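Everything below concerns the one structure shown next.
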Ligand SMILES: CC(C)(COP(=O)(O)OP(=O)(O)OC[C@H]1O[C@@H](n2cnc3c(N)ncnc32)[C@H](O)[C@@H]1OP(=O)(O)O)[C@@H](O)C(=O)NCCC(=O)NCCS
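In the numbering used here, the protein residues as written are 32 to 302.
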C-alpha cells in the first residue's frame, strides 16, 4: 500500500462552465481491474464529449488513449472512442483498448467521430504521411488533443490533428502545423515554426526562432539551438545537440550533431 493510494486533490480546468470548473480526482497507485497500472481514476460522472478514434496501436495509440481519458476525466470536450489498426482484428484489444477496425474503416464510424494519428516511428514518417493522405479524411474530422497539464501560450497556433502530451510547453508566438505530436516534457520556445506531421519525443527542446520542416522527427532529449533550420523529413537522434541547419531527409546525431545517414522514403510500414 503506497502512500499515494487514495490521496485526493482538486484540479482546476479552464474553458468550462463555472459549475464544472472544480473537479475532484482520486489518485491511486497499484493496478486497475484490467491489470494495468493506473495512476488517475476520475470520480467524475461520464461526459458526452466528442468521440476521438486514434490511428495506432501499442505505443502511440495507447498513449493518445491515455491522454483522451485524462481529458474526459477533467471534464473536457473529448473522449476516447477506440483504435484503428491495420494488423489487429476489429473487436480485439490492444492493452485494454478496443480496435474498431482497420484504417480504412474510418468512414464507417459515426459522423461525429473525430480522428487523431499521433506519429511515433523515426525514419518511417514519410510512408505514414502518404498512407494518411490516401485515406482522404476531411480536415474538419481531425481532432486536436491537448492534455490538461500541457501549457500552450494563447498566441501559439496549433494545427488540426495535433497531439500535445502532459507537461509539454508551447511558448508564445510559436506556430505548430497539422498532425504534430508533442510528447511529455517537450519545450517549443517562442517564435518557433513547426511544419506538418512532425514528432517531438519526450523532453526534447527547440530554441527560439528555430524552424522544423514537415515530417521531421526530434528524438528523446534532443535539443535544437535557437535560429537553426531543420529541413523536411529529417531525423534528429536521441540526445543530439543540433547547432547547425539540418538538410532534408538526413539523420543527425551526437554533440554537436553530425549527419550519420539518410532517410529512405521507399521504406513502408504496417500499422
Ligand atoms: C538516430 C537514430 C534514428 C539512428 O537509428 P539507426 O539508423 O537505426 O542507426 P543505428 O542504431 O544503426 O546506429 C548507427 C550508428 O549511429 C550511432 N547512433 C545511433 N543513434 C545515436 C544517437 N542518438 N547519438 C549518437 N550516436 C548514435 C550508433 O551508435 C551507431 O554507431 P556505430 O556505427 O559506430 O556503431 C536512432 O538511434 C535514434 O536516436 N532514434 C530516436 C529514438 C527516440 O527518440 N525514440 C523515441 C520514440 S517515442
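Glycine residues also receive a C-beta, built at the ideal position from the N, C-alpha and C atoms. Only a predicted model underlies this, so the values are computations on that prediction, with no experimental measurement involved.
Query	Result
Closer than 7 Å: residue 183 CB and nearest ligand 1 heavy atom	no
Spatial distance of residue 203 from residue 120 (CA atoms)	43 Å
Inter-stretch contact at 8 Å, needing at least 3 Cβ pairs: the segment 155–169 / the segment 180–188	no
Nearest-angstrom Cβ-Cβ length linking residue 290 and residue 283, presumed shorter than 8 Å	5 Å
Distance between beta carbons of residue 93 and residue 143, contact taken as under 8 Å	Their Cβ separation, rounded to whole angstroms, is 23 Å, which puts residue 143 and residue 93 out of contact at 8 Å.
Alpha-carbon to alpha-carbon, residue 242 and residue 220	11 Å
Sequence-distant residues of its chain with Cβ nearer than 6 Å to residue 240 (five each side left out)	222, 257, 258
Alpha-carbon spacing of residue 58 relative to residue 177, whole angstroms	Residue placement at residue 58 is flagged as unreliable, the pLDDT there being 31, under the threshold of 50; the coordinate-derived value follows with that caveat. Approximately 21 Å between the Cα atoms of the pair.
Residues bridged to residue 115 [DSSP beta-bridge criterion]	86, 132
Neighbour flag for residue 237 against chain C, beta carbons, 8 Å	The structure shown contains no chain C; it holds only a single protein chain.
Proximity test, residue 147 beta-carbon vs ligand 1 heavy atom, cut-off 7 Å	no
Coarse secondary structure for residue 188, derived from DSSP in three states	strand
Distance cut-off 7 Å: residue 291 Cβ against heavy atoms of ligand 1	yes
The alpha helix (DSSP H) enclosing residue 160, as first and last residue numbers	156–166
Residue span of the alpha helix (DSSP H) that contains residue 264, given as start and end	Premise fails: residue 264 is in no alpha helix (DSSP H) and is neither H nor E.
Residue 285 CB to nearest heavy atom of ligand 1 below 7 Å	yes
Cutoff 6 Å; reference residue 199; Cβ partners in own chain excluding five residues on either side	181, 213, 217
When 211, 137, 179, 268 are compared against residue 192, the one with the closest alpha-carbon	211
Proximity test, residue 95 beta-carbon vs ligand 1 heavy atom, cut-off 7 Å	no
Alpha carbon of residue 293 to alpha carbon of residue 254, nearest angstrom	20 Å
Straight-line gap, residue 100 to residue 148 (C-alpha atoms, nearest Å)	16 Å
Proximity test, residue 202 beta-carbon vs ligand 1 heavy atom, cut-off 7 Å	no
Beta-carbon proximity list for residue 286, same chain, < 8 Å, skipping 5 on both sides	270, 271, 272
C-beta contact flag for residue 130 and residue 111 at 8 Å	no
First through last residue of the beta strand (DSSP E) which encompasses residue 15	The question about residue 15 has no answer here: the residues shown for the chain are numbered 32 through 302.
C-alpha gap between residue 252 and residue 215, whole angstroms	11 Å
Coarse secondary structure for residue 318, derived from DSSP in three states	Any question about residue 318 goes unanswered here, given that the chain covers just 32 to 302.
Cut-off 6 Å between Cβ atoms - residues of its own chain near residue 296, not counting five sequence neighbours on either side	157
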